[in-house]
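A.B. asks: First to last, the sequence lines map onto chains L and U.
Using the numbering used here, the first residue of the first sequence is number 1, and each one after it goes up by one.
Using the numbering used here, the first residue of the second sequence is number 1001, and each one after it goes up by one.
Glycine is no exception: its CB is placed at the ideal position from the N, C-alpha and C atoms.
Dumping the structure here so I can ask a few things about it.
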Amino acid sequence: MSPQIPGQITYDIPQQEIMSSGHLACPGCGASLCMRIALKIFGPRTVLCVPACCWAVIDGPFPYSAAGVPVVHCAFETAAITATGVRHGLDIRGIKDCTVVAWAGDGGTFDIGFGALSATVERNENIAYVCYDNEAYMNTGIQRSSATPIGAWTSTTPGEHPKEEPKKNLVEIMAAHRIPYVATATVAFMDDLTRKLKRIRDMEGTRLLHIFSPCPPGHKSLESDSIKISRLAVETKVFPLYEIENGLKYTLNHKPKGIPVQEYTRLQGRFKHLTEEDLKQMQQRVDYEWDVLDKRISLFA
Amino acid sequence: MNDEKVNIKSYRDIPIAAASLGKMSVNKTASWRNAEPYYEEKSAPCNLGCPAGTDVVKYLHLATQGKYEEGWKTILNTNPFPATCGRVCPHPCEVNCNRENLGGRLNIHMIERFLGDVNFDKKLEPEFLEDKKDKSIGVVGAGPAGLSCAYQMARRGYGVTVYEALSEPGGMMRVGIPDYRLPKEILTREIDFILDHGVKLKLNTRIGKEITFEDIRAEHDAVYVATGLHLSRNLGAEGQELEDVIPGIEVLRKIAFKDEISLGDEILVVGGGNTALDAARSVLRMGCKPRIVYRRSREEMPAIAEEIEDLIEEGIPIDFLTLPKRVYGNDNGKIVKVECVRMELGEPDDSGRRRPVEIEGSNFNVEADMVITAIGEQPDLSYLTSDVKAESWGVLVDGYGRTNLPDVFAGGDSATGDGTVTHAVGHGRQTALAIDAFLKGEDPPDCEVIEHSVEGRSMHQVEWEEINPVYFEPAERLKPKGLEIPHRVKNFEEVYSGFTEEEVLHETSRCMSCGNCPECDNCLVFCPDSAVTKNPDGGYTINYEFCKGCGICVAECPRSAISIKVL
Ligand SMILES: Cc1cc2nc3c(=O)[nH]c(=O)nc-3n(C[C@H](O)[C@H](O)[C@H](O)COP(=O)(O)OP(=O)(O)OC[C@H]3O[C@@H](n4cnc5c(N)ncnc54)[C@H](O)[C@@H]3O)c2cc1C
Ligand SMILES: Cc1ncc(C[n+]2csc(CCOP(=O)(O)OP(=O)(O)O)c2C)c(N)n1
Ligand code: SF4
Ligand code: SF4
Ligand SMILES: [Mg+2]
């Protein structure tokens, strides 16, 4: 984050609100905030394709909608291909000035919609894909997904048996597809987020933005801590901010401070069962993953 | 799509392809809320710390934007002496600065000094707050308290006459504080600005001598007395009657007026306050060898901490825990030596400081041919009539500077024990507001509110824990540059030069505007519920129809300008 001087903090974000108030996200929901900002950047000429996930509910029940742009509700596994279909349909009708966005949760992206996503990227379809990652199936009651971090509590990985498997590395999988653009982001780093949103709005080909998204009920955190947790995810190296172009050109967007992981986990009840030893191992894992990323970045800068 | 409720009365109202017909803003999420954020500007530590009640946060913010004239005028609102106070005020505004934790407290006084200096050549037209009135007040004493009161009354349209015993105005700013800390043309300019408001100044007019106190009471609708502390306490040692035992304030006054003065060679200065230090540093600059003796330790020294450092840097020795017992003179009455005794600190006394007690048998002699006494000053209130309640240390007043007589008010050093220029300026202003209320037959405004520039803020002082430090980068506090020691001890040139514009901007950019909203947009940007809007005329509004009370805006406000209450 750039140094901020009183009265001189400048956000390059349009004032106009596209998403309306009254939506059904829980208080402090990261997913609703990143949609609000994304729509300001994407503008009114946007089509959202939303599969089953919190956002399918947040938008509101028929006959109402909060998004302020057309939303195509689609089946859980179909965000990427529904967006592909909408894009082709608009293209056939000669409508070029619309951004088509698949907007899905981690379950719909890492797990059930994964095959469709892979096929879409393989064909380099001209869509933007945003995965807001709250690291579990929140909408249906906090079940684990392959995006849930190791050690976390969920309703299917209770405290006595927290999740044993590490989080799947979606960004690397996308890079392996040689996707034109894939990046990570959080709402705590607004300038970085808005720049990346502009990038995925303006590019051609498949581009994917992976946004870390705090969920107060699912992470058992304070509603007011959502931005703080997002910031700590980055500064502890748990969720580094970086981008990869064409699967090969790596750029680190923010040098993390390397704050101890415990500062991040202690704000979230989903990690409260972790022992000192568990936390030590978590720190080692984070450091190891960071090392790997760091090497990749210096190798493929 | 519209904001209204959609009425579906039959299946015919349902579109063929399922599509929304209305916005979710029909759903008022206010009912979800169990806590409620609200904008509440709070007081910054600097604002609460300034004895003149200056809106420090505001002028710092203006200076950040390069609005130096506006910043200057902000200070002038409460204090007509920015360039003076920027130099001599011990800056209590900096004591609780929250920047302490991010590179050091802000160097506020140097910014104040800059704002005073940078506008030096501007001939500012006096601004009057109220219409001219036919009532007048008399002010006794042209020190900072009297002049501050005169200034505030003149701005409010009253006729003001200031009676001053000496040949020049300024009080201790003129005849106490030496040129190397406060060049006199700076003071003169700031006093001239006060006089520009139509204040009449009668110099060489000592009340009780040239005119009586009854006379001025009869002439004016109210009187403000602020005559300072101009009587020096006796040394209290044998030989104190010798000719070359001289009060420090007399030495300083003579130097200030360039009067003839005969100084010794080796001078013993007794005391630990500003007078002692300034007397020692002044005679050093006149080629003498001063040496300070002080009966307590450095921690107890009442002088301004920075002045003590400067004095030590200039090579003046201090004997702490030392008391003069006897001044020895020769047959011609000339001082030859001073016998001193070492002290140790015992139980705390009334002032809370540990009482120094003599160590028996520790007596020793110090060579000296002159002794300057600076062990405290007292007011000379002999001019007052006996119906004004006063003690030997000063006139008795309440928080508004009101005495027992309705038309007589008092302030500054001769009524309070505060002892700084800025306190005197603050008293002068507060009492002016009380005199104004008295002359209008009204109750004076709330003491606390006029003491600090509250301006719609709450009196709650923003603490470090309430700052969100991620929004501020650590940056070092800048210090002013001083003259080289060998050069500075030879003359009365000002020791410290002011900040350059670049240095000022470095310092102002460190200010976090604690408790004060400079419209950084964080609340607007981070609300997940689009419940914050920016007002066209400044500030923000929370839409309570939708706010869910998550508190993100409160958590992300860098400087605690938003509060939250649990419902
Ligand atoms: C050597 C020295 C150094 C100091 N250094 C600092 C410093 O660095 N920073 C700081 O903040 N403070 C400093 N002080 C303290 C500060 O100067 C005083 O607290 C302040 O000036 C008090 O203001 P005042 O208006 O109450 O009184 P004064 O400044 O003393 O003014 C009173 C005026 O009343 C006049 N007067 C007295 N009797 C009569 C009468 N009967 N009729 C008419 N006029 C009369 C006097 O001549 C004088 O001009 C210093 C004081 C001294 C002595
Ligand atoms: C094929 C299918 N299986 C299961 C479901 C039930 N379901 C709806 S949303 C959801 C979880 C979504 O999780 P995620 O994609 O992470 O989004 P989140 O709710 O966490 O925002 C599930 C399991 C469904 N709608 N369709
Ligand atoms: S469950 Fe979590 S992700 Fe879903 S709306 Fe609530 S806070 Fe947002
Ligand atoms: S961020 Fe928005 S919803 Fe949350 S407390 Fe503030 S105004 Fe209310
Ligand atoms: Mg999820």
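Would you list, in sequence order, the uninterrupted alpha helix (DSSP H) runs of no fewer than 4 residues that lie entirely inside the segment 1288-1346 of chain U?
C.D. replies: 1305-1313
A.B. asks: I'd like to check one pair, alanine 1154 (chain U) with histidine 1197 (chain U): are the Cβ atoms closer than 7 Å?
C.D. replies: Translated into positions along the second sequence, residue 1197 (chain U) becomes position 197. Translated into positions along the second sequence, residue 1154 (chain U) becomes position 154. In this structure, histidine 1197 (chain U) sits near alanine 1154 (chain U), with a CB-CB distance shorter than 7 Å.
A.B. asks: Would glycine 85 (chain L) count as contacting chain U if we go by Cβ distances under 7 Å?
C.D. replies: The residue given as residue 85 (chain L) occupies position 85 in the first sequence. For glycine 85 (chain L), the answer is no, since every Cβ of chain U falls outside 7 Å of its Cβ.
A.B. asks: Could you give the first and the last residue of the continuous beta strand (DSSP E) run that contains serine 1458 (chain U)?
C.D. replies: Looking up residue 1458 (chain U) in the second sequence gives position 458. According to the DSSP assignment, serine 1458 (chain U) belongs to the beta strand (DSSP E) that extends over 1458-1461.
A.B. asks: Spatial neighbours of alanine 52 (chain L) within its chain, please: CB distance less than 6 Å, with the 5 preceding and 5 following residues excluded, ordered by chain position.
C.D. replies: As a position in the first sequence, residue 52 (chain L) is number 52, starting the count at 1. Hits under 6 Å: Phe76.
A.B. asks: What's the gap between the Cα of arginine 1156 (chain U) and the Cα of cysteine 1553 (chain U)?
C.D. replies: Within the second sequence, numbered from 1, the residue matching residue 1156 (chain U) stands at position 156. Within the second sequence, numbered from 1, the residue matching residue 1553 (chain U) stands at position 553. Taking the straight line joining both Cα atoms gives about 42 Å.
A.B. asks: Give the straight-line distance between the Cα atoms of leucine 1467 (chain U) and glycine 1412 (chain U), rounded to the nearest whole angstrom.
C.D. replies: Translated into the one-based positions of the second sequence, residue 1467 (chain U) becomes position 467. Translated into the one-based positions of the second sequence, residue 1412 (chain U) becomes position 412. Correcting the residue identity first, residue 1467 (chain U) is isoleucine in this sequence and not leucine. Each residue's Cα considered, the two are about 36 Å apart.
A.B. asks: For lysine 1058 (chain U) and tyrosine 1540 (chain U), I'd like the C-alpha separation in whole angstroms.
C.D. replies: Here the question's residue 1058 (chain U) lines up with position 58 in the second sequence. Here the question's residue 1540 (chain U) lines up with position 540 in the second sequence. Taking the straight line from one Cα to the other gives about 19 Å.
A.B. asks: Sort U:Lys1073, U:Gly1515, U:Ala1276, U:Tyr1163 by Cα distance to glutamine 1319 (chain U) and report the nearest one.
C.D. replies: Along the second sequence, one-based indexing puts residue 1319 (chain U) at 319. It should be pointed out that residue 1319 (chain U) corresponds to aspartate in this sequence rather than to glutamine. Cα-wise, what sits closest to aspartate 1319 (chain U) is U:Ala1276.
A.B. asks: What does lysine 1534 (chain U) touch in chain L if you count any residue whose Cβ is under 8 Å from its own?
C.D. replies: Here residue 1534 (chain U) refers to the residue found at position 534 of the second sequence. Within chain L, the residues near lysine 1534 (chain U) are Gln15.
A.B. asks: Excluding sequence positions up to five away, which residues of its chain have a Cβ less than 7 Å from the Cβ of alanine 1083 (chain U)?
C.D. replies: Walking along the second sequence from the start, residue 1083 (chain U) turns up at place 83. The residues are Arg1113, Gly1116, Asp1117, Ile1186, Glu1190.
A.B. asks: Which stretch, first to last residue, makes up the alpha helix (DSSP H) that contains glycine 30 (chain L)?
C.D. replies: Taking the first sequence and counting its residues from 1, one reaches residue 30 (chain L) at position 30. It spans 30-42 - the alpha helix (DSSP H) in which glycine 30 (chain L) sits, taken as one unbroken run.
A.B. asks: Report the residues of the segment 130-147 of chain L with a CB closer than 9 Å to any CB of chain U, ordered along the chain.
C.D. replies: Listed by position along the chain: nothing, the set is empty.
A.B. asks: For glycine 105 (chain L), verify whether its CB is less than 6 Å away from any heavy atom of ligand 6.
C.D. replies: Judged by which ligands are present, ligand 6 is missing from the structure shown, whose ligands are ligand 1, ligand 2, ligand 3, ligand 4 and ligand 5.
A.B. asks: Measuring straight from C-alpha to C-alpha, what distance separates tyrosine 1011 (chain U) and glycine 60 (chain L)?
C.D. replies: What you label residue 1011 (chain U) is simply residue 11 of the second sequence in a count that begins at 1. What you label residue 60 (chain L) is simply residue 60 of the first sequence in a count that begins at 1. Approximately 20 Å between the Cα atoms of the pair.
A.B. asks: According to DSSP, simplified to helix, strand and coil, what is phenylalanine 110 (chain L)?
C.D. replies: Counted from its first residue, the first sequence places residue 110 (chain L) at position 110. Looking at phenylalanine 110 (chain L) - three-state DSSP - the assignment turns out to be helix.
A.B. asks: Cβ-heavy atom distance between methionine 138 (chain L) and ligand 5 below 6 Å?
C.D. replies: Taking the first sequence and counting its residues from 1, one reaches residue 138 (chain L) at position 138. Of the heavy atoms belonging to ligand 5, at least one sits nearer than 6 Å to the Cβ of methionine 138 (chain L).
A.B. asks: Please classify serine 155 (chain L): is it buried, with 16 or more other beta-carbons within 10 angstroms of its beta-carbon, or exposed?
C.D. replies: Position 155 of the first sequence, counting from 1, holds the residue named residue 155 (chain L). Exposed: under 16 other Cβ atoms inside 10 Å.
A.B. asks: Straight-line CA distance for lysine 1479 (chain U) to cysteine 1514 (chain U)?
C.D. replies: To locate residue 1479 (chain U), count along the second sequence from 1; it is residue 479. To locate residue 1514 (chain U), count along the second sequence from 1; it is residue 514. Each residue's Cα considered, the two are about 22 Å apart.
A.B. asks: Output yes or no for whether 7 Å exceeds the beta carbon distance between valine 1270 (chain U) and proline 1290 (chain U).
C.D. replies: The sequence position of residue 1270 (chain U) within the second sequence is 270, counting from 1. The sequence position of residue 1290 (chain U) within the second sequence is 290, counting from 1. Taking 7 Å as the Cβ cut-off, valine 1270 (chain U) and proline 1290 (chain U) do not qualify as a contacting pair.
A.B. asks: Since cysteine 29 (chain L) meets chain U, which of its residues come closer than 7 Å, beta carbon to beta carbon?
C.D. replies: Counting from 1 along the first sequence, the entry for residue 29 (chain L) is found at position 29. Those within 7 Å of cysteine 29 (chain L) in chain U are Pro1528.
A.B. asks: Do the segment 1554-1566 of chain U and the segment 1458-1474 of chain U make contact, defined as three or more Cβ pairs closer than 8 Å?
C.D. replies: yes
A.B. asks: Rounded to the nearest angstrom, what separates valine 1357 (chain U) and methionine 1343 (chain U) at their Cα positions?
C.D. replies: Within the second sequence, numbered from 1, the residue matching residue 1357 (chain U) stands at position 357. Within the second sequence, numbered from 1, the residue matching residue 1343 (chain U) stands at position 343. Answer to the nearest angstrom: the Cα atoms are 5 Å apart.
A.B. asks: Report the option in U:Ile1564, U:Arg1510, U:Cys1547, U:Leu1567 whose CA atom is closest to the CA atom of glycine 28 (chain L).
C.D. replies: What you label residue 28 (chain L) is simply residue 28 of the first sequence in a count that begins at 1. Nearest C-alpha to glycine 28 (chain L): U:Cys1547.
A.B. asks: Indicate the three-state DSSP secondary structure (helix, strand or coil) for alanine 1083 (chain U) in the structure shown.
C.D. replies: Along the second sequence, one-based indexing puts residue 1083 (chain U) at 83. Helix, per DSSP.
A.B. asks: Say the cut is 6 Å; is the CB of asparagine 1101 (chain U) nearer than that to a heavy atom of ligand 5?
C.D. replies: Here the question's residue 1101 (chain U) lines up with position 101 in the second sequence. No, the Cβ of asparagine 1101 (chain U) stays beyond 6 Å of every heavy atom of ligand 5.
A.B. asks: Once you ignore the five residues that flank asparagine 134 (chain L) on each side, which residues in its own chain have a CB closer than 8 Å to its CB?
C.D. replies: The residue labelled residue 134 (chain L) in the question sits at position 134 within the first sequence. Gly30, Ala31, Cys54, Gly105, Asp106, Ser213, Pro214, Cys215, Gly218, His219, listed in sequence order.
A.B. asks: Taking contact to mean at least 3 C-beta pairs separated by less than 8 Å, is the segment 1237-1246 of chain U in contact with the segment 1378-1387 of chain U?
C.D. replies: Verdict: no, contact absent.
A.B. asks: Could you compute how far the alpha carbon of valine 69 (chain L) sits from the alpha carbon of glycine 1022 (chain U)?
C.D. replies: Here residue 69 (chain L) refers to the residue found at position 69 of the first sequence. Here residue 1022 (chain U) refers to the residue found at position 22 of the second sequence. Near 12 Å, if we compare the C-alpha coordinates of glycine 1022 (chain U) and valine 69 (chain L).
A.B. asks: So the alpha helix (DSSP H) leucine 232 (chain L) belongs to, where does it begin and stop?
C.D. replies: The residue you call residue 232 (chain L) lines up with position 232 of the first sequence. Its alpha helix (DSSP H) spans residues 226-235.
A.B. asks: Under 8 Å: do the segment 1391-1403 of chain U and the segment 1291-1309 of chain U share three or more Cβ pairs, one atom per stretch?
C.D. replies: Remark: fewer than three beta-carbon pairs, one from each stretch, lie closer than 8 Å, so the segment 1391-1403 of chain U and the segment 1291-1309 of chain U are not flagged as touching.
A.B. asks: Residues of chain U with a CB under 9 Å from the CB of serine 226 (chain L): which are they?
C.D. replies: To locate residue 226 (chain L), count along the first sequence from 1; it is residue 226. Scanning chain U for C-beta atoms nearer than 9 Å to the C-beta of serine 226 (chain L) yields Phe1526, Pro1528, Cys1550, Ile1552, Ala1555, reported in chain order.
A.B. asks: Please confirm if the segment 1238-1257 of chain U is in contact with the segment 1418-1437 of chain U, defined as three or more CB-CB distances below 8 Å between the two stretches.
C.D. replies: no
A.B. asks: Counting along the chain, where does the beta strand (DSSP E) carrying methionine 1370 (chain U) start and finish?
C.D. replies: One-based indexing of the second sequence puts residue 1370 (chain U) at position 370. Unbroken beta strand (DSSP E) run through methionine 1370 (chain U): 1370-1373.
A.B. asks: Report all residues from its chain with a CB closer than 7 Å to the CB of asparagine 1491 (chain U); omit the five preceding and five following residues, and keep chain order.
C.D. replies: Numbered from 1 along the second sequence, position 491 holds the residue referred to as residue 1491 (chain U). Around asparagine 1491 (chain U): Arg1285.
A.B. asks: Report the residue ranges of all beta strand (DSSP E) runs contained in full by the segment 1092-1166 of chain U; include only those spanning at least 3 residues, in chain order.
C.D. replies: 1136-1140, 1159-1163
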